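Engineer:
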Amino acid sequence: MTSAISTAHMAELLRIKQVEEQCSALRSAVICSFNQLLDLKDLNTGVHSTRLAEWGMRVGQELGLSEDELQNLEVAALLHDIGKVGIPDAILRKPARLDADEYALMKKHPEYGWAVLRILPGFERAALDILHHHENYDGKGYPAGLKETEIPVVSRIVSVIDAFDAMVSSRPYRHGLPPEEAVRRLVESSGTQFDPVVVQCFLSFAQAEMAMVFAAAGTSVASAL
Ligand SMILES: [Fe+2]
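Structure representation (structure tokens):
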């Protein structure tokens, strides 16, 4: 009898493990699939984005995020701009600064991203983190005008790495900034646009690795801190 129960218990444990592995594989496939969608729309900025997502995860680990939060951070770091697939190409690729109406439409991308991801089981929390990735630490961001710790910690981390990526990446109407200038601007906006703790944590290790990461782009990194 004991042996029969033990066998049944083992079979149940095995079944649960298989389901967990299937869920994990499906989750990875969804992330990969959406990432390819970003590539198709040319919304990834190549080598920078992957490295920045890795740096974001390290910030999360340094700040003591839970395993669940780190999983959401991985999704949010990689897919925070997924909502831009809903923005017209004429705006995304405009070779000049956006006018007020165009900028208003561009500012919809966090809500579009949230709307897409929230319907996927297991991605609800990451969808909320994406919704708030353009909030400012001083409350002057969008879409909700949240401030300081009202902003989810994952969103505060993504905000910093997204802004850094945007500054160093070239756009149709401008070249990307040298990394040392992007670092200077991050520090300048620490406490207003960005969570100062996140900025400090990000730069504490990212600065040391920038020279290697950005060497391929023909840029250099001076001691900007
Ligand atoms: Fe964004």
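1527 is the number that the working numbering gives the last residue of the sequence shown; the numbers go up by one with no jumps.
Cβ atoms here follow ideal geometry from the backbone N, Cα and C, with glycine treated the same way.
All values reported here derive from a predicted model rather than from experimental measurement.
1. With burial defined as no fewer than 16 other Cβ atoms inside 10 Å of the residue's Cβ, what is the status of residue 1363: buried or exposed?
2. As an exercise, report each continuous alpha helix (DSSP H) stretch of at least 4 residues that is fully enclosed by the region 1446 to 1483, in chain order.
3. Starting from residue 1374 and walking both ways along the alpha helix (DSSP H), at which residues does that stretch end?
4. Pull up the CB-CB distance for residue 1444 and residue 1396, whole angstroms please, since I reckon it's below 8 Å.
5. Determine the DSSP secondary structure at residue 1491, reduced to helix, strand or coil.
6. For residue 1513 versus residue 1357, is the C-beta distance shorter than 8 Å?
7. Measuring only the C-alpha atoms, how far is residue 1499 from residue 1454?
8. Taking only the alpha-carbon atoms, compute the straight-line gap between residue 1484 and residue 1405 and give it to the nearest angstrom.
9. Just to confirm, are residue 1432 and residue 1361 a CB contact at a threshold of 8 Å?
10. In whole angstroms, what separates the C-alpha of residue 1436 from that of residue 1345?
11. For residue 1310 and residue 1320, I'd like the C-alpha separation in whole angstroms.
12. For residue 1435, verify whether its CB is less than 7 Å away from any heavy atom of ligand 1.
Structural biologist: Concretely, from the data shown:
1. exposed
2. 1455 to 1470
3. 1369 to 1381
4. Not confirmed; about 20 Å, so no contact.
5. coil
6. no
7. 14 Å
8. 22 Å
9. no
10. 17 Å
11. 15 Å
12. yes
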